[in-house]
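For reference, the structure discussed in these notes is given below.
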Amino acid sequence: MLPIGHGHLVSEARLISIVSPDSAPIKRLIQDARDRRTLIDATAGRKTQSVLIMDSDHIVLSSLPPSSLQVLRAGSQLSDEVFEEEELQND
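In terms of the numbering used here, the sequence shown has 1014 at position 30, counting the first letter as 1, and numbering is strictly consecutive.
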């Protein structure tokens, strides 16, 4: 699970991409998702700094910048690897 801010989490396995919301194509993608009711706003009222594109056709808005989410994702993957190594050593 990837923390996306304000206590919200998304499944890393379902995540396709993390992008900035500044470009016109991403703004259209957000509006299309809003119209289709597949938009999830996890910003808690703050400015949208990143857009997460999920494999379920959902679009998730986060108030954390993409660089912060990437650091969190890398840290999460590292902790998963350490946990798996510990399990193998204990067996």
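Backbone N, C-alpha and C define an ideal beta-carbon position, used for all residues, glycine too.
Here the structure is a predicted model, which is why all the values come from computation and not from measurement.
Bridge partners of residue i, per DSSP?
i, result
"Ile-1043", "Leu-1023, Ile-1037"
"Ile-1002", "Leu-1036"
"Gly-989", "His-992"
For residue i, collect the residues of the same chain with a Cβ closer than 7 Å to its Cβ; drop the 5 residues on either side in sequence, then sort them by chain order.
i, result
"Gly-987", "First, the residue type needs correcting, since residue 987 is Pro and not Gly in the sequence shown. Excluding positions up to five away in sequence, the list reads Leu-993, Leu-1056."
"Gln-1054", "Ile-1002"
If I'm right that residue i touches residue j with Cβ under 8 Å, what's the distance once you round it to whole angstroms?
i, j, result
"Leu-1045", "Thr-1027", "5 Å"
"Pro-1050", "Ser-995", "About 18 Å; that fails the 8 Å criterion."
"Ser-1052", "Thr-1032", "No, Ser-1052 and Thr-1032 are not in contact; Cβ-Cβ is about 13 Å, not under 8 Å."
Determine the extent of the beta strand (DSSP E) in which residue i is found, giving its start and end residues.
i, result
"His-992", "992–994"
Can you give me the Cβ contacts of residue i inside the same chain, cut-off strictly under 8 Å, excluding the 5 residues immediately before and after it?
i, result
"Asp-1039", "Arg-998, Leu-999, Ile-1000"
"Met-985", "Leu-993, Val-994, Ser-995, Glu-996, Ser-1060"
"Ile-1043", "Leu-1013, Ile-1014, Ala-1017, Thr-1022, Leu-1023, Ile-1024, Val-1035, Leu-1036, Ile-1037"
Short check: CB of residue i to CB of residue j, under 7 Å?
i, j, result
"Ile-1014", "Leu-1036", "no"
Going along the chain, which residues of its own chain have a beta-carbon closer than 6 Å to the beta-carbon of residue i, five neighbours each way excluded?
i, result
"Asp-1041", "Thr-1022"
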